[in-house]
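To keep things clear, I will list the structure first and then write my remarks on it.
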Amino acid sequence: MELLMFYGFGLLALFAGVAMILSRQPVTSALLMILNMFCLSALYALLDAHLIAVLQLLVYAGAIMVLVLFVIMLLNLREKKGIITKHQASLQVVGVAAFGFFVMTVVSRLNTAALPKSKAASAGFGTVEAVGRILFTDYVLPFEIASVLLLAAIVGAVMLAKSKV
Amino acid sequence: MPITIPPIDLLAVAPEIAVSGFACLLLMTAVFLKGKGGWVNACVALVGLAVAGWFALCQGAPRSAYSGMYAADGFTQFFKIIFLLGTGLVVLVSVKYNEEENMNNGEYYALLLFSTAGMMLMAAASDMMTLFLGLELLSISLYVLAGYARNRPGSNEAALKYFLLGGFAVGFLLYGMAMIYGATGHTDFAGIGREAARGADNRLYLVVGAVMLLTGLGFKVAAVPFHQWTPDVYEGAPIPVTAFMSAGPKAAVLAVMIRVYAQSVSFMHVDWLVWLSVLAVMTMTVGNVAALVQSDAKRMLAFSSISHAGYAMVGLAAATREAVASVAVYMLVYTLMNIAVFGILALVARKNEQRTKMRDFAGLARSNPVLAVSMTILVFSLAGIPPMAGFMAKFYVLMAAVKAGLYWLVLAAVLNSAVGIYYYLRFTVHMYMDEPEEKLPPVKASPALVVAIALSIIGVLLIGVVPSAYLEMAGRAVVSF
């Protein structure tokens, strides 16, 4: 059952990702990306990481993608004709095929390689309490760096977007 | 259940705290200054860097802090000083340029400081978490800085290109980290190394992960074949930002490579040696050959910075203590000379960076002889001509490689430096033997730029004449990890 759900959500996530890139309509792309995020959050839930799954839904699929949709609608983007010519397209096919072959080789080798034994998840793994505990003990430094990182990102975004300095 | 908070070692991260704190202070002074008196911002930034430098110097005994996330050792300390020095020089170079280009605001210096904090965290990272967050802090600030000249299309292009390709490269890095974590169950370098040395069943996952990690880091250090973004981004970004990008971040990534290499991946020494050697040879050769044919000085310096990363990677491939120390000294010297060269280029390029061609240096010897002599000293050092520091730095790296038995790698490096001499000397030829095409008022260096150039020339000559003292310092720094 779990395996079935994994494959189902995994394939759906892949489909949504590829379709998002291929779609020419920005709104369709954004909606497909929401679908992708949703599938990812389902995968997190399958991994017992419930907090991450909920956060993924709330923050990414919810807040950020709604913002993206708003921006797309406010900008009122038109469909644009692609500038890819025939010649480049054939090159792309060759490139994708070569890369695909490479990835297939690596993946098939990895499939036959023995995986290290996974440790059983500790009791309460993935809950808010467990994540919070670890954030304020072992991971307190990365936690703080993340706050500085977000501040730098905000300053940068405002800097680039502000009309007059 | 009560939480036992682990000891918080504030002194270890004091430099990062100081730099980030002063960055926040800059965001506030910018509000009060209302766009006037940009030099105040530069002064605040310099004070912040000095405070951080002071904290870095009195860091104390080598130790591991924050549950093994952060290594406060001599190696960290040495690289922190390099970063702070580099950022200080960039601030000095920026003052006049930013005033002319109307971008002298607090946010610029704040972003410089944020990315410096990121670099320091990278050099100190002994866990993939800290490493990744430090790298992101550095990168995000750099993406914005590359696009800081917002009215110039080239700058916009640089920022966008850097952002897209950088995001792609970080994907590789993260996937590699996930592979390594999956194979070993550890995110700290020491744990990865222990686990990897133990079992062979996870070896393939480790190798794939390590290759991806190397790809991501190679992108950041602009190693060939991950260098395609470099010329365009370096050319488009404002000159002080290019100076910054070409020095500090490279040193930071090399520090990470040294640490990852030394602490966790040494179990597959042979594989790394081959990969790193191939990367080093390609990086040196492509960088130098491409630099030969450039007519734009900014682009040429971009390619020359690629080749310098290649020389440093020769030392990395040798991977003895001695080699690591020589790489550290190399990055120190490279930071000093490269930023000053870009400072002079910013001056010669004049307003709006309209004159960045090599031939725009023509007649500089007559119009501003002091500047021409400074430039000559700096490019001689870049080319590796004694008695400048560039020669000694290269010499020690190559000597360490010879001792490690990497003769063909050393041969490639020597041949490449011979190629390098040709295009570096083109600056001198233009300055001393060419007539300028048009009459322009002579360029005049601002006091801040004079200080920056003087500092780096003193550094270049000092390290060039008494290199052993600095090498010993770096050697002591390396021993502690």
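Chains A and B are the protein sequences, given in the same order. Just so you know, the first sequence maps onto residues 1107 to 1271 in our numbering. Just so you know, the second sequence maps onto residues 10 to 490 in our numbering. Glycine included, each C-beta is placed from N, C-alpha and C at the ideal position. Predicted, not measured: the structure shown is a model, and the values here were computed from it.
Interface flag, residue i vs chain A, CB-CB below 8 Å
{"i": "residue 575 of chain B", "result": "With chain B covering 10 to 490 only, the question about residue 575 of chain B has no answer from this structure."}
{"i": "residue 244 of chain B", "result": "no"}
{"i": "residue 126 of chain B", "result": "yes"}
{"i": "residue 149 of chain B", "result": "yes"}
{"i": "residue 78 of chain B", "result": "yes"}
{"i": "residue 485 of chain B", "result": "no"}
{"i": "residue 29 of chain B", "result": "yes"}
{"i": "residue 293 of chain B", "result": "no"}
{"i": "residue 138 of chain B", "result": "yes"}
{"i": "residue 184 of chain B", "result": "no"}
{"i": "residue 493 of chain B", "result": "No answer is possible for residue 493 of chain B: it lies beyond the span of chain B, which begins at 10 and ends at 490."}
{"i": "residue 99 of chain B", "result": "no"}
{"i": "residue 120 of chain B", "result": "yes"}
{"i": "residue 116 of chain B", "result": "yes"}
{"i": "residue 145 of chain B", "result": "yes"}
{"i": "residue 106 of chain B", "result": "no"}
{"i": "residue 159 of chain B", "result": "yes"}
{"i": "residue 69 of chain B", "result": "no"}
{"i": "residue 153 of chain B", "result": "yes"}
{"i": "residue 36 of chain B", "result": "yes"}
{"i": "residue 213 of chain B", "result": "yes"}
{"i": "residue 123 of chain B", "result": "yes"}
{"i": "residue 156 of chain B", "result": "yes"}
As assigned by DSSP and simplified to three states, the class of residue i
{"i": "residue 74 of chain B", "result": "strand"}
{"i": "residue 81 of chain B", "result": "strand"}
{"i": "residue 18 of chain B", "result": "coil"}
{"i": "residue 197 of chain B", "result": "strand"}
{"i": "residue 241 of chain B", "result": "helix"}
{"i": "residue 486 of chain B", "result": "helix"}
Whether residue i touches residue j by CB criterion (8 Å)
{"i": "residue 219 of chain B", "j": "residue 135 of chain B", "result": "no"}
{"i": "residue 1237 of chain A", "j": "residue 1157 of chain A", "result": "yes"}
{"i": "residue 29 of chain B", "j": "residue 141 of chain B", "result": "no"}
{"i": "residue 84 of chain B", "j": "residue 487 of chain B", "result": "yes"}
{"i": "residue 188 of chain B", "j": "residue 233 of chain B", "result": "no"}
{"i": "residue 6 of chain B", "j": "residue 92 of chain B", "result": "Residue 6 of chain B is absent from the model: chain B starts at 10 and stops at 490."}
{"i": "residue 1175 of chain A", "j": "residue 1111 of chain A", "result": "no"}
{"i": "residue 1178 of chain A", "j": "residue 1133 of chain A", "result": "yes"}
{"i": "residue 191 of chain B", "j": "residue 222 of chain B", "result": "no"}
{"i": "residue 244 of chain B", "j": "residue 308 of chain B", "result": "yes"}
{"i": "residue 318 of chain B", "j": "residue 242 of chain B", "result": "no"}
{"i": "residue 1169 of chain A", "j": "residue 1142 of chain A", "result": "no"}
{"i": "residue 50 of chain B", "j": "residue 111 of chain B", "result": "no"}
{"i": "residue 54 of chain B", "j": "residue 36 of chain B", "result": "no"}
{"i": "residue 263 of chain B", "j": "residue 326 of chain B", "result": "no"}
{"i": "residue 354 of chain B", "j": "residue 248 of chain B", "result": "yes"}
Chain B within 8 Å of residue i, Cβ atoms only
{"i": "residue 1126 of chain A", "result": "no"}
{"i": "residue 1245 of chain A", "result": "yes"}
{"i": "residue 1251 of chain A", "result": "yes"}
{"i": "residue 1232 of chain A", "result": "no"}
{"i": "residue 1153 of chain A", "result": "no"}
{"i": "residue 1262 of chain A", "result": "yes"}
{"i": "residue 1116 of chain A", "result": "no"}
- Message: My parser needs the alpha helix (DSSP H) runs of 4 or more residues fully inside the region 124-171 of chain B; what are they?
- Response: Counting whole runs of 4 or more residues, the region 124-171 of chain B contains the alpha helix (DSSP H) stretches 137-155.
- Query: What alpha helix (DSSP H) runs, 4 residues minimum, are completely inside the region 352-435 of chain B?
  - Reply: Listed in chain order, the complete alpha helix (DSSP H) runs (minimum 4 residues) inside the region 352-435 of chain B are 373-376, 378-392, 398-412.
- Task: Would you list, in sequence order, the uninterrupted alpha helix (DSSP H) runs of no fewer than 4 residues that lie entirely inside the region 1231-1270 of chain A?
- Result: The qualifying runs are 1234-1242, 1246-1267.
- Query: So, do the region 94-112 of chain B and the region 169-178 of chain B have three or more beta carbon pairs nearer to each other than 8 Å?
  - Reply: Counting Cβ pairs under 8 Å, fewer than three are found: no touch.
- Item | Three-pair Cβ contact test at 8 Å for the region 71-86 of chain B versus the region 149-157 of chain B | Judged by pairs of C-beta atoms under 8 Å, the region 71-86 of chain B does not touch the region 149-157 of chain B, as fewer than three such pairs exist.
- Item | Cβ pair count under 8 Å reaching 3, the region 365-378 of chain B against the region 333-341 of chain B | In short, these stretches do not touch, since the Cβ pair count stays below three.
- Task: Pair every Cβ in the region 327-336 of chain B with every Cβ in the region 290-305 of chain B, then say whether three or more of these pairs are closer than 8 Å.
- Result: Between the region 327-336 of chain B and the region 290-305 of chain B, the count of C-beta pairs closer than 8 Å stays below three; the two stretches do not touch.
- What are the complete alpha helix (DSSP H) segments, minimum 4 residues, inside the region 435-468 of chain B? DSSP runs (the alpha helix (DSSP H)) wholly in the region 435-468 of chain B: none.
- Task: Could you tell me whether the region 378-386 of chain B touches the region 417-424 of chain B, where touching means 3 or more Cβ pairs closer than 8 Å?
- Result: Contact between the region 378-386 of chain B and the region 417-424 of chain B is absent, because fewer than three Cβ pairs lie under 8 Å.
- Item | Touching by the beta-carbon criterion (3+ pairs, under 8 Å), the region 296-307 of chain B and the region 359-372 of chain B | Proximity of the region 296-307 of chain B to the region 359-372 of chain B meets the contact definition, three or more beta-carbon pairs being nearer than 8 Å.
- Counting pairs of Cβ atoms below 8 Å between the region 1243-1257 of chain A and the region 1206-1220 of chain A, do you hit three or more? Not touching, per the Cβ criterion.
- Meets three-Cβ-pair contact criterion under 8 Å: the region 392-411 of chain B and the region 445-458 of chain B: In short, these stretches do not touch, since the Cβ pair count stays below three.
- Message: Between the region 17-26 of chain B and the region 65-73 of chain B, can you find at least three pairs of beta-carbon atoms closer than 8 Å?
- Response: Yes: the two stretches touch, three or more of their Cβ pairs being nearer than 8 Å.
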